[in-house]
Amino acid sequence: DAGVIQSPRHEVTEMGQEVTLRCKPISGHNSLFWYRQTMMRGLELLIYFNNNVPIDDSGMPEDRFSAKMPNASFSTLKIQPSEPRDSAVYFCASSLSGTGEGTQYFGPGTRLLVL
Amino acid sequence: RKEVEQDPGPFNVPEGATVAFNCTYSNSASQSFFWYRQDCRKEPKLLMSVYSSGNEDGRFTAQLNRASQYISLLIRDSKLSDSATYLCVVRNSGGYQKVTFGTGTKLQVIP
């Protein structure tokens, strides 16, 4: 079975450019999470969706960040305009809620470098 | 106070040693607890869940102390392949699956 798929795996861009990260959750999972990981701050939850509806976006740093989940099999995280401090690894994770533990399964991440 | 706190380490231990990590959480209503493992430049993966009665999976033992609000992970007979960062994860009550990750404890097993 395919796990969580993220693209691109690496992204290098210049300050001010728009960046779009993509995620395909595990088929059948109904919760999707976007995380950002840096050495300084560790793993931070940015936003999570349940049944394609954003439930909590309190972790989204500012208006430059936006996330969508148009259907159960696809989500995007967009940064516009990007800044050097956005450089981090962005993980997408999915889980099946309502069945006990709801283990989160992570994608391989997108390594973003903003110059 | 952070919601989930861990000693960042690193813990440098020789092969075969026993090592233990603790993690404290601030919300007494926290419901579920997990340990995740993250290898260098890889994604986090579930290592084991932590049950109230404690649980064991091979060389790994996880325990929960609700009164003191901490969970622990014990690794016996450390292997070189155990070298990784171990993340403590806490889920609060509620119908959704939002969890909070600790910043992780780095373990380096040395030959």
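So the sequence lines, in the order shown, correspond to chains A and B. So that you can map any letter, position 51 of the first sequence is 51 in this note's numbering, and since no number is skipped, the others follow by simple counting. Adding 115 to a residue's 1-based position in the second sequence gives its number in this note's numbering. Ideal Cβ placement from N, Cα and C applies to all residues, glycine included.
{"Query": "Give the DSSP-derived three-state secondary structure of B:D192 in the structure shown.", "Result": "coil"}
{"Query": "For A:G16, does the count of other Cβ atoms within 10 angstroms reach 16, so buried, or fall short, so exposed?", "Result": "exposed"}
{"Query": "Return helix, strand or coil for B:E206, following the three-state DSSP convention.", "Result": "With the sequence shown as reference, residue 206 of chain B is identified as Arg, and Glu is not the correct amino acid for it. Three-state result, B:R206: strand."}
{"Query": "In or out: A:H29 buried (at least 16 other Cβ within 10 Å) or exposed?", "Result": "buried"}
{"Query": "Given a cut-off of 8 Å, decide if A:T110 and A:Q6 are closer than it, judged by their beta-carbon atoms.", "Result": "yes"}
{"Query": "What do you get for B:R174, buried or exposed, if any count of 16 or more other CB atoms within 10 angstroms of its CB means buried?", "Result": "exposed"}
{"Query": "For the stretch 24-41 of chain A, enumerate the residues whose C-beta is nearer than 7 Å to any C-beta of chain C, in chain order.", "Result": "Of the chains in the structure shown, none is chain C; the protein chains are A and B."}
{"Query": "Determine the contact status of B:S198 and B:Q223, defining contact as a CB-CB distance below 8 Å.", "Result": "yes"}
{"Query": "Within this structure, are the beta carbons of A:L45 and A:G59 separated by less than 8 Å?", "Result": "yes"}
{"Query": "On the three-state DSSP scale, how would you describe B:D122?", "Result": "coil"}
{"Query": "To which residues does DSSP link B:P129 through a beta bridge?", "Result": "B:I225"}
{"Query": "Quick one: what does DSSP say B:D154 is sitting in, helix, strand or coil?", "Result": "coil"}
{"Query": "Within the same chain, show all residues whose beta-carbon is closer than 8 Å to that of A:T13, passing over the 5 residues directly before and after it, in chain order.", "Result": "V19, S82, L112, L113, V114, L115"}
{"Query": "For the stretch 48-64 of chain A, which residues have a CB atom closer than 7 Å to at least one CB atom of chain B, in sequence order?", "Result": "Y48, N50, I55, D56"}
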